[in-house]
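Let me begin by presenting the structure, written as structure tokens, before commenting on it.
Chains as they are written, first to last, in this note's numbering: chain A, 256 to 369; chain B, 1486 to 1598.
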């Protein structure tokens, strides 16, 4: 079956530090890949996505590249801010027959200190 | 546009009680979803509706029922609540069911005693 594995958190960084959150996946076919972010007390918001191999998704200074050869979609940001403190979820989307499904990783809590 | 709205925001139930969680979207989306979020588990799909008039089971459907009332509304019903259903419930919607970005509501926090 499909699965997503994210690095275990929590991750604590100082402001302006470099961020990497690792994400690897197992899937049949050609999945689309997503990063969602959940700020405290809110629902999930799409951060970025990539729909085919070698695509780079980017938004708000965050980037992730769809690497089919390593089945990875690592999230990076060059300089984090306190406002980036949130839970980050990697997810993949596959479809087949009547089975449409977003599969989520367990989430990584990021805390950025001033 | 309000996006995806959910009611209530918070609810406490006793074991065996029933309740319905409401979800509505104003984005004219065809597909809607119900997830539950538990600590360390990510989000798990309970039920989804690929289009108006259809519903299908997701990963963890036991103990739940759904109704796609119209294109805008998708409700989740707990007929006889159990402590294992204590969770945060999220509704989401997307334009279509295939590879589309999902938009999430703010969540309903449910505590079953």
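Glycine included, C-beta positions come from ideal geometry on N, C-alpha and C. Being a predicted model, the structure only gives us computed values, none of them experimental.
For residue 337 (chain A), the CB contacts under 8 Å within the same chain, skipping 5 residues up- and downstream, are 270, 367, 368, 369 in chain order.
Scanning chain A for C-beta atoms nearer than 8 Å to the C-beta of residue 1526 (chain B) yields 361, reported in chain order.
Taking the CA atoms as reference points, residue 1581 (chain B) sits about 38 Å from residue 268 (chain A). With contacts defined by Cβ atoms closer than 7 Å, residue 348 (chain A) and residue 295 (chain A) do not form a contacting pair.
The beta carbon of residue 1592 (chain B) falls within 7 Å of a beta carbon belonging to chain A, placing the residue at that interface. For residue 282 (chain A), there is no enclosing beta strand (DSSP E), since its DSSP letter is neither H nor E. Chain-order list of chain A residues neighbouring residue 1575 (chain B): 298, 299, by C-beta distance under 8 Å. Residues of chain A with a Cβ closer than 9 Å to the Cβ of residue 1559 (chain B) do not exist, since the nearest Cβ in that chain sits about 15 Å away. Residues of chain B with a Cβ closer than 8 Å to the Cβ of residue 344 (chain A) are, in chain order, 1527, 1528. Beta-bridge partners of residue 1521 (chain B) (DSSP): B:1529, B:1574. Taking a 10 Å sphere around the C-beta of residue 1563 (chain B), we find 16 or more other C-beta atoms and assign the residue as buried. Under DSSP, the beta-bridge partners assigned to residue 1594 (chain B) are B:1495, B:1573.
If the five residues before and after residue 364 (chain A) are omitted, its C-beta is found closer than 6 Å to the C-beta atoms of 264, 265, 342, all from its own chain and listed in chain order.
When secondary structure is reduced to three states using DSSP, residue 338 (chain A) falls in the helix class. Per DSSP, the unbroken beta strand (DSSP E) holding residue 331 (chain A) starts and ends at 330-332.
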